[in-house]
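As structure tokens, the structure follows; a few thoughts come after it.
Protein chains: 2
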Amino acid sequence: MTITIRDVAAAAGVSPATVSRALRGMPNVDERTRARVQRVAAKLDYVVSPNASRLASGRTGSIAVITPYISRWYFSTVLSGVESVIQAAGMDLLLLSVDDHIPGHFRAAPASRLRRRVDGVLVIALPPKSEQLREVIELGMPTALIGITVGDAPNVTIDDEDAARQATRHLANLGHTRIGLIGGDPDGTAFTAESERERGYRSVVAEYSLSDDPLLHASGYFTIAGGEQAMNALLTQRNPPTAVFCMSDEMAFGALRSLTRHGLTPGRDVSIVGIDGHDMSEHLDLTTVGQPVYDLGRIAAESLLSQMAKPTDVEPVPGHIRVPTRLIVRGSTSPVASSR
Amino acid sequence: MTITIRDVAAAAGVSPATVSRALRGMPNVDERTRARVQRVAAKLDYVVSPNASRLASGRTGSIAVITPYISRWYFSTVLSGVESVIQAAGMDLLLLSVDDHIPGHFRAAPASRLRRRVDGVLVIALPPKSEQLREVIELGMPTALIGITVGDAPNVTIDDEDAARQATRHLANLGHTRIGLIGGDPDGTAFTAESERERGYRSVVAEYSLSDDPLLHASGYFTIAGGEQAMNALLTQRNPPTAVFCMSDEMAFGALRSLTRHGLTPGRDVSIVGIDGHDMSEHLDLTTVGQPVYDLGRIAAESLLSQMAKPTDVEPVPGHIRVPTRLIVRGSTSPVASSR
DNA sequence: ATGAAAGCGCTAACAG
DNA sequence: CTGTTAGCGCTTTCAT
Numbered sequence: 459m460t461i462t463i464r465d466v467a468a469a470a471g472v473s474p475a476t477v478s479r480a481l482r483g484m485p486n487v488d489e490r491t492r493a494r495v496q497r498v499a500a501k502l503d504y505v506v507s508p509n510a511s512r513l514a515s516g517r518t519g520s521i522a523v524i525t526p527y528i529s530r531w532y533f534s535t536v537l538s539g540v541e542s543v544i545q546a547a548g549m550d551l552l553l554l555s556v557d558d559h560i561p562g563h564f565r566a567a568p569a570s571r572l573r574r575r576v577d578g579v580l581v582i583a584l585p586p587k588s589e590q591l592r593e594v595i596e597l598g599m600p601t602a603l604i605g606i607t608v609g610d611a612p613n614v615t616i617d618d619e620d621a622a623r624q625a626t627r628h629l630a631n632l633g634h635t636r637i638g639l640i641g642g643d644p645d646g647t648a649f650t651a652e653s654e655r656e657r658g659y660r661s662v663v664a665e666y667s668l669s670d671d672p673l674l675h676a677s678g679y680f681t682i683a684g685g686e687q688a689m690n691a692l693l694t695q696r697n698p699p700t701a702v703f704c705m706s707d708e709m710a711f712g713a714l715r716s717l718t719r720h721g722l723t724p725g726r727d728v729s730i731v732g733i734d735g736h737d738m739s740e741h742l743d744l745t746t747v748g749q750p751v752y753d754l755g756r757i758a759a760e761s762l763l764s765q766m767a768k769p770t771d772v773e774p775v776p777g778h779i780r781v782p783t784r785l786i787v788r789g790s791t792s793p794v795a796s797s798r
Numbered sequence: 459m460t461i462t463i464r465d466v467a468a469a470a471g472v473s474p475a476t477v478s479r480a481l482r483g484m485p486n487v488d489e490r491t492r493a494r495v496q497r498v499a500a501k502l503d504y505v506v507s508p509n510a511s512r513l514a515s516g517r518t519g520s521i522a523v524i525t526p527y528i529s530r531w532y533f534s535t536v537l538s539g540v541e542s543v544i545q546a547a548g549m550d551l552l553l554l555s556v557d558d559h560i561p562g563h564f565r566a567a568p569a570s571r572l573r574r575r576v577d578g579v580l581v582i583a584l585p586p587k588s589e590q591l592r593e594v595i596e597l598g599m600p601t602a603l604i605g606i607t608v609g610d611a612p613n614v615t616i617d618d619e620d621a622a623r624q625a626t627r628h629l630a631n632l633g634h635t636r637i638g639l640i641g642g643d644p645d646g647t648a649f650t651a652e653s654e655r656e657r658g659y660r661s662v663v664a665e666y667s668l669s670d671d672p673l674l675h676a677s678g679y680f681t682i683a684g685g686e687q688a689m690n691a692l693l694t695q696r697n698p699p700t701a702v703f704c705m706s707d708e709m710a711f712g713a714l715r716s717l718t719r720h721g722l723t724p725g726r727d728v729s730i731v732g733i734d735g736h737d738m739s740e741h742l743d744l745t746t747v748g749q750p751v752y753d754l755g756r757i758a759a760e761s762l763l764s765q766m767a768k769p770t771d772v773e774p775v776p777g778h779i780r781v782p783t784r785l786i787v788r789g790s791t792s793p794v795a796s797s798r
């Protein structure tokens with residue numbers, strides 16, 4: 459019923475091997491033969507069986523993307539960039555989320571679903587010390603990490619420390635001296651990005667001799683709601699900051715909302731700056747340090763592909779790739795009110 | 459090097475066939491034999507080769523998700539719901555975008571990448587009359603559509619006409635009589651949702667004898683920027699609407715922004731209502747008709763799975779599944795100003 | 001309940 | 001440049 463390579467071979471008057479070569483564009487095939495085979499294959503509406511092909515060749519032609527979230531902006535945007543490259547390369551993209559969106563729902567370890575199934579793995583911002591990431595790396599297959607740094611595993615990131623410096627410096631240059639920080643969790647160690655951004659912030663605090671009052675720090679857990687609560691906390695102090703650096707745009711959105719709810723005007727009463735260049739940041743008039751998230755995905759996928767193409771013995775260290783960020787100044791930041 | 463079913467068989471002192479049966483939980487295997495095989499397989503760290511298994515059995519164990527966009531809120535949220543079900547079922551999820559994010563970049567027809575490769579297909583809101591959708595449906599494999607209706611193909615949607623009625627009625631009940639409409643494209647025919655939402659709007663206009671001035675209609679192309687421009691157009695008329703129904707939250711976000719830019723206050727000067735229940739809608743205090751987007755994905759995936767489980771001869775019509783929506787009233791809507 | 005045998009549809013040497 | 005010969009690693013009758 460389903461037509462196989464032998465049907466094509468018979469119809470074209472050649473052997474299955476020749477059909478295989480002709481269709482895959484291999485050399486050492488007479489161009490007229492190739493043309494005839496292609497024509498016959500098209501007429502017969504033949505498509506190779508990926509499974510047979512993979513079984514025989516040992517290559518799976520697929521790469522897996524592992525991500526903690528699918529629908530959050532950063533993750534879906536990275537995924538989009540990844541997908542464009544994978545698809546252009548003619549490979550299959552297996553999507554695997556390790557989040558448990560449904561509380562209490564057990565998610566199998568990703569590694570077991572990867573073995574013998576994909577040629578390479580792309581990991582989007584999994585917590586560096588998570589069991590799941592460790593498992594994946596221990597698989598020992600070609601891997602590229604996005605947005606995180608773990609040992610010397612090939613990865614693509616922004617310079618998080620520098621991004622934080624750009625954001626904080628922008629505030630300092632506007633004359634602010636009490637600059638708040640809204641970070642992730644209180645430990646600040648869940649992600650490499652978190653500690654690096656904090657380091658960037660601290661380096662500017664030192665550089666400009668800004669206030670380093672510990673009360674200027676709050677945790678927003680990288681969510682909108684968390685950012686709002688963090689800003690609430692900052693605002694209800696005796697001596698609130700005149701400007702706040704948020705480690706992500708989403709937390710900054712929450713901070714903006716907190717201001718509005720408190721009857722304050724972002725940019726006039728308190729300046730807010732984020733990191734991301736989130737789609738909605740323009741809409742909310744948020745100053746931010748934009749990162750090319752779609753490109754992060756694209757570049758990581760390309761890097762993985764080239765890593766896979768290379769012979770396994772020579773390893774020219776795909777290494778760490780840094781992509782640039784840039785400060786986007788909007789209405790949420792302005793010079794400190796000299797006197798109120 | 460890689461260990462196969464024969465290694466397990468040898469180590470367990472049984473035949474490969476028995477290992478196969480034991481590991482897949484088939485009946486007619488002595489439970490002690492099964493236990494031994496499982497123990498040996500685990501000790502040897504054996505994983506079946508999906509390709510060999512698929513080739514031999516004829517089942518691919520994968521389902522494809524085809525979507526025009528990956529990073530837009532609606533699509534990534536649906537995808538997230540789909541993924542949770544597919545993964546729980548132990549199947550592979552192949553992600554395929556048919557969008558050309560990179561202008562001029564040719565995207566191969568999806569159908570050719572599906573044949574002999576997946577057992578079923580999930581399609582997220584592709585334009586009903588698109589070539590790509592037609593191709594996919596003609597494949598004749600188990601399929602479920604999300605957010606669109608095409609013939610009698612199994613699908614999962616909200617009641618778009620009803621959602622539009624809820625939104626428009628809410629405005630009418632607040633006393634508004636000049637209610638604007640921001641839709642997708644001028645034809646309003648790209649998606650089934652579009653024409654149905656327009657029908658719902660019109661039915662309420664008729665029901666409440668509201669103004670049906672054609673100047674109250676604008677096109678926002680389902681984007682934030684488009685929504686803003688549409689609202690601009692509506693606002694610069696001699697007799698602007700006092701309330702506007704936007705066919706999507708993202709267009710509503712744009713409309714809100716337009717109001718703010720014009721010095722108007724949403725909810726006080728002009729009421730705005732959207733459809734979606736977008737993550738940011740709460741943050742922007744937007745009244746909207748919420749749809750359970752994550753569940754749309756979940757339900758469609760489950761429906762597809764059960765469709766695939768059934769024998770092909772009896773077809774009890776998986777049919778059309780409607781999920782309920784609900785009006786969420788927030789600050790962007792309020793009673794019409796009786797006199798200004 | 002278990003084993004033997006025959007493929008699933010293709011690719012990869014190896015000849016020629 | 002093309003054909004032949006072996007499998008890739010599993011599943012599935014068919015026996016036993």
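Sequences listed follow chains A and B, in order.
Position one of the first sequence corresponds to residue 459 (my numbering), numbered consecutively onward.
Position one of the second sequence corresponds to residue 459 (my numbering), numbered consecutively onward.
We put the beta carbon where it would ideally sit given N, CA and C, even for glycine.
Given the structure is predicted, the values throughout are model-derived calculations rather than measurements.
Three-state secondary structure (DSSP) at residue i?
i: I616 of chain A; result: strand
i: H778 of chain A; result: strand
i: I606 of chain A; result: coil
i: H563 of chain B; result: Below a pLDDT of 50, predicted positions are generally treated as unreliable, and H563 of chain B, at 49, falls in that range; the measurement from the model is reported next regardless. Coil at H563 of chain B, not helix or strand.
i: T635 of chain B; result: coil
i: S790 of chain A; result: coil
i: T783 of chain A; result: coil
i: A583 of chain A; result: coil
i: D550 of chain A; result: strand
For residue i and residue j, what's the separation of their Cα atoms in angstroms?
i: E589 of chain B; j: V608 of chain B; result: 13 Å
i: G562 of chain B; j: R636 of chain B; result: With a pLDDT of only 46 at G562 of chain B, under 50, the local geometry of the prediction cannot be trusted, and no value is derived from it.
i: S507 of chain B; j: R574 of chain A; result: 6 Å
i: I640 of chain B; j: E489 of chain A; result: 56 Å
i: M709 of chain A; j: V477 of chain A; result: 57 Å
i: A767 of chain B; j: D550 of chain B; result: 16 Å
i: L584 of chain B; j: L629 of chain B; result: 30 Å
i: K501 of chain A; j: R512 of chain A; result: 24 Å
i: L673 of chain B; j: R660 of chain B; result: 14 Å
i: G732 of chain B; j: D707 of chain B; result: 5 Å
i: I544 of chain A; j: T460 of chain B; result: 27 Å
i: F533 of chain A; j: I604 of chain A; result: 10 Å
i: M689 of chain A; j: R784 of chain A; result: 25 Å
i: P644 of chain B; j: E652 of chain B; result: 10 Å
i: T700 of chain A; j: G712 of chain A; result: 16 Å
i: S520 of chain B; j: A522 of chain A; result: 13 Å
i: N697 of chain B; j: H736 of chain B; result: 30 Å
i: E654 of chain B; j: D557 of chain B; result: 24 Å
i: R798 of chain B; j: Y679 of chain A; result: Because the pLDDT of R798 of chain B is 42, which lies under 50, any placement of that residue in the model is unreliable, and the number read from its coordinates should be weighed accordingly. In a straight line, the C-alpha of R798 of chain B is about 45 Å away from that of Y679 of chain A.
Out of the options, point me to the one whose CA is closest to residue i's CA.
i: R780 of chain A; options: A:D620, A:R726, A:P474, A:V576; result: A:D620
i: V747 of chain B; options: B:S716, B:T791, B:R715; result: B:T791
i: I528 of chain A; options: B:I524, B:W531, B:S538, B:Y527; result: B:S538
i: S570 of chain B; options: B:L584, B:L554, B:G471; result: B:L554
i: S729 of chain B; options: B:T460, B:D617, B:A683, B:L693; result: B:L693
i: T745 of chain B; options: B:Y666, B:G605, B:Q624, B:R464; result: B:Q624
i: A499 of chain A; options: A:R482, A:V662, A:R784, A:N486; result: A:R482
i: R726 of chain B; options: B:G578, B:S534, B:A493, B:L632; result: B:L632
i: A468 of chain B; options: B:M484, B:V487, B:N486, B:Y504; result: B:Y504
i: D753 of chain A; options: A:L742, A:S542, A:S667; result: A:S542
i: M738 of chain A; options: B:E656, B:W531, B:A602, B:G777; result: B:W531
Kindly identify the DSSP beta-bridge partner or partners of residue i.
i: V728 of chain A; result: A:P724
i: D734 of chain A; result: A:G748
i: T601 of chain A; result: A:V579
Let's see if you can read the secondary structure: which residues bound the alpha helix (DSSP H) around residue i?
i: T650 of chain A; result: 650-665
i: D465 of chain B; result: 463-470
i: S716 of chain A; result: 707-719
Tell me which residue opens and which closes the beta strand (DSSP E) that residue i is part of.
i: I528 of chain A; result: Taken as a continuous stretch (DSSP letters only), I528 of chain A belongs to no beta strand (DSSP E), as it is neither H nor E.
i: V702 of chain B; result: 701-704
i: S677 of chain A; result: 675-677
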